[in-house]
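Chains as they are written, first to last, in the working numbering: chain A, 1 to 476; chain B, 1001 to 1257. The C-beta atom is built at its ideal place from N, Cα and C for all residues, glycine as well. Note sheet for the following structure.
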Ligand code: SF4
């Protein structure tokens, strides 16, 4: 066991995992916006989930109280995280599991690779997990000669397509069924060459392939939705039953979990298990909820390892405003209501965490300088805050992080000049009169230089009025 | 009632008609409007762009300017949002606790126009006349930050001659978002395109809202696309009377958009 929570909290290391994009958000978004198929897939998928979710949320008379309870429990967890994690470690160990502490992605990957190697296997089955994508575990396993097989249908599509997930819950939301058929034909071992693009046929093909893999692979890797400190119980919720297979069939189970996923008591689960399915898939209850506590002789995995991951979370925790991002239960409701996400899709965010939560979580995990464009990837419309089942004030967080972002030098100078003028009414009035000169920039601003040309590429500027309000008022 | 007008820098500079209409409307309802000297900008642009420290003097100026007044109104949900949700935060982060508490006090007396009319002055029929087909866009800050809910619609329903048509997907952001419209111009434009499509689909002659900023965005898009739909601030509709229409028949504009 390694104890790595020492010293100042650090951010997630570079060169490993998927928290940083290669392009800025505006550049990546431009490509996504130019893809009409992607826009259609996304628009359709998010509108469908939105409507379904709104319907089942409206059935719950105490939804607002549940949200408040979820938020309060998470705030309490973050306030006494070290104590809860130690309690969790005690209980898991007492129940026959082994707990490992990983300060960052590199440590976590090394721990998992060593554990798999020790079993003598060269293949693992995986339950969909954000955190293993965050740390780039699949790449680390492959580099060590171990083949990871994703068993969630959408995740499998992404893996076989050598693609990246673009939605927390529906990783292949950017693919339609014709594209999925092509991917299966190209990359799925033993696939029927007569495959059609009927959803049922595609699902049956995946099922055949996955059944064989489940039955012949003795090691599984999972994430966790929740971990109960008082009992040492881990919980995974899912829809397809692949998770249940991975969590029960293999001999060895390795679970990687972000430290913020712990909850104090079993009772707390009742809040989250009501919030999560309605906010995420729009179901009253998720089809599969698997829970396990350590190992049970003769039943299920006989070896259980829990890897507790920091990877920048302590640094997030240290920021009083920023820490609410750690409340997230990864329901993806904020993605589904976000007008920006709906148009750009998840890849534009460059991180495994897309959408509004990604815009506030990724920059905090990596340090804002490494994801400086993400806090600006929002019109601050507030739809995410209204939708979030644990009441994360994402607009407040975005503004908070913008303040920490490195600013372009020209912009800083302009903002300083503007602030100075606005604090000197005579100068301010002179600047107002100067807007009339903007007629010189061409008809309705079409001759403006960058970055203001970003506005005038698609929108006219108003004609400056003959008189400002304060001139009119003075002349009354 | 004596009401202080917080004009907002945008309305003052580019959309004075919305501000003049606010004055005309409140005076017609029998109230005294004052325009406190020395007001400039609430600092929202600085805060939302990531320059909170530079917003501190602007917050201080705003608080000093408006503290003497019991009731303050702005024809903008977004700027009222800045006063209510950002000023105290900015002051506290700068370590000025006294300013923060004064900012909170001013925020408690500051109202968006439709809130002032319905909640404080208790009117929904303001005696307006506006014989046009109109659709209403609930701007994000009005809708979500303040929950002004159906107040603007209740006010519009009482306007004589006005044919109010519902805007499809009304709660979707128009894509303005201040610096967002410039820093993420492509995404902003994609959002605007959908908003314009919905506005045009209503067959309305006029699209109204409680924020000059969002109207500037929607209006800029309508103008660029050659649409005949005009954008008119809610205050201008509520300030219009039969008298203005007579002017219209003589060939002058009813309201300047
Ligand atoms: S931030 Fe809230 S809405 Fe978004 S994924 Fe997390 S819990 Fe869900």
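Which residues does DSSP pair with residue i in a beta bridge?
{"i": "residue 1207 of chain B", "result": "B/1135, B/1231"}
{"i": "residue 150 of chain A", "result": "A/126"}
{"i": "residue 390 of chain A", "result": "DSSP output for residue 390 of chain A lists no bridge partner at all."}
{"i": "residue 289 of chain A", "result": "A/237"}
{"i": "residue 273 of chain A", "result": "Paired residue(s): none; residue 273 of chain A is not in a bridge."}
{"i": "residue 1003 of chain B", "result": "B/1033"}
{"i": "residue 1111 of chain B", "result": "B/1073"}
{"i": "residue 253 of chain A", "result": "A/220, A/304"}
{"i": "residue 262 of chain A", "result": "A/227"}
Looking only at its own chain, which residues have a Cβ that is under 6 angstroms from the Cβ of residue i, when we skip the five neighbours before and after it?
{"i": "residue 399 of chain A", "result": "none"}
{"i": "residue 249 of chain A", "result": "214"}
{"i": "residue 2 of chain A", "result": "At residue 2 of chain A the pLDDT is 47, less than 50, meaning the model places this residue with poor confidence and gives no usable figure here."}
{"i": "residue 168 of chain A", "result": "330, 332"}
{"i": "residue 233 of chain A", "result": "291, 293"}
{"i": "residue 1007 of chain B", "result": "1019"}
{"i": "residue 289 of chain A", "result": "237"}
Quick check: is the beta carbon of residue i nearer than 8 angstroms to any beta carbon in chain B?
{"i": "residue 407 of chain A", "result": "yes"}
{"i": "residue 308 of chain A", "result": "no"}
{"i": "residue 399 of chain A", "result": "yes"}
{"i": "residue 377 of chain A", "result": "yes"}
{"i": "residue 428 of chain A", "result": "yes"}
{"i": "residue 26 of chain A", "result": "yes"}
{"i": "residue 285 of chain A", "result": "no"}
{"i": "residue 416 of chain A", "result": "yes"}
{"i": "residue 344 of chain A", "result": "yes"}
{"i": "residue 410 of chain A", "result": "no"}
{"i": "residue 403 of chain A", "result": "yes"}
{"i": "residue 467 of chain A", "result": "yes"}
{"i": "residue 221 of chain A", "result": "no"}
{"i": "residue 30 of chain A", "result": "yes"}
{"i": "residue 459 of chain A", "result": "yes"}
{"i": "residue 2 of chain A", "result": "Unreliable placement is indicated for residue 2 of chain A, whose pLDDT of 47 sits below 50; no coordinate value is reported for it."}
{"i": "residue 58 of chain A", "result": "no"}
{"i": "residue 419 of chain A", "result": "yes"}
{"i": "residue 339 of chain A", "result": "yes"}
Taking 8 angstroms as the threshold (beta carbon to beta carbon), is residue i in contact with chain A?
{"i": "residue 1006 of chain B", "result": "no"}
{"i": "residue 1095 of chain B", "result": "no"}
{"i": "residue 1188 of chain B", "result": "yes"}
{"i": "residue 1182 of chain B", "result": "yes"}
{"i": "residue 1268 of chain B", "result": "Because chain B is modelled from 1001 through 1257, residue 1268 of chain B falls outside the range shown and cannot be assessed."}
{"i": "residue 1246 of chain B", "result": "Reliability fails at residue 1246 of chain B, whose pLDDT of 44 lies under 50, so the model's placement of it is uncertain and the value that follows must be treated cautiously. No - not a single Cβ of chain A is within 8 angstroms of the one on residue 1246 of chain B."}
{"i": "residue 1234 of chain B", "result": "no"}
{"i": "residue 1230 of chain B", "result": "no"}
{"i": "residue 1064 of chain B", "result": "no"}
{"i": "residue 1208 of chain B", "result": "no"}
{"i": "residue 1144 of chain B", "result": "yes"}
{"i": "residue 1014 of chain B", "result": "yes"}
{"i": "residue 1197 of chain B", "result": "no"}
{"i": "residue 1173 of chain B", "result": "yes"}
{"i": "residue 1019 of chain B", "result": "yes"}
{"i": "residue 1105 of chain B", "result": "no"}
{"i": "residue 1253 of chain B", "result": "Bear in mind that a pLDDT of 44 at residue 1253 of chain B, under 50, signals an unreliable position, so the model cannot answer this."}
{"i": "residue 1036 of chain B", "result": "no"}
{"i": "residue 1185 of chain B", "result": "yes"}
{"i": "residue 1192 of chain B", "result": "yes"}
Grab me the residues of residue i's own chain with a C-beta within less than 7 angstroms of its C-beta, minus the 5 sequence neighbours each way, in chain order.
{"i": "residue 93 of chain A", "result": "99"}
{"i": "residue 1055 of chain B", "result": "1043, 1046, 1047, 1090"}
{"i": "residue 1104 of chain B", "result": "1088"}
{"i": "residue 166 of chain A", "result": "173, 174, 345, 346, 347, 354"}
Short of 8 angstroms in beta carbon distance, which residues of its chain neighbour residue i, apart from the five on each side in sequence? Order them along the chain.
{"i": "residue 1032 of chain B", "result": "1001, 1002, 1003"}
{"i": "residue 1118 of chain B", "result": "1124, 1151, 1154, 1155"}
{"i": "residue 81 of chain A", "result": "259, 260, 262, 317"}
{"i": "residue 69 of chain A", "result": "271"}
{"i": "residue 274 of chain A", "result": "60, 66"}
>> Quick check on the DSSP output: what are the complete alpha helix (DSSP H) runs of length 4 or more inside the segment 1121 to 1166 of chain B, in order along the chain?
In response: 1151 to 1157
>> I'd like the ranges of any alpha helix (DSSP H) spanning at least 4 consecutive residues and lying wholly in the segment 294 to 380 of chain A.
In response: 313 to 317, 333 to 337, 339 to 344, 355 to 366
> What beta strand (DSSP E) runs, 3 residues minimum, are completely inside the segment 1008 to 1095 of chain B?
Replying inline: 1032 to 1034, 1072 to 1074
> Fully enclosed by the segment 154 to 229 of chain A, which alpha helix (DSSP H) runs are 4 residues long or longer?
Replying inline: 177 to 187, 199 to 216
>> Quick check on the DSSP output: what are the complete alpha helix (DSSP H) runs of length 4 or more inside the segment 44 to 127 of chain A, in order along the chain?
In response: 63 to 79, 81 to 94, 105 to 119
> Where in the segment 1178 to 1222 of chain B do unbroken runs of the alpha helix (DSSP H), each at least 4 residues long, occur, reported from the N-terminal end onward?
Replying inline: 1180 to 1183, 1185 to 1201
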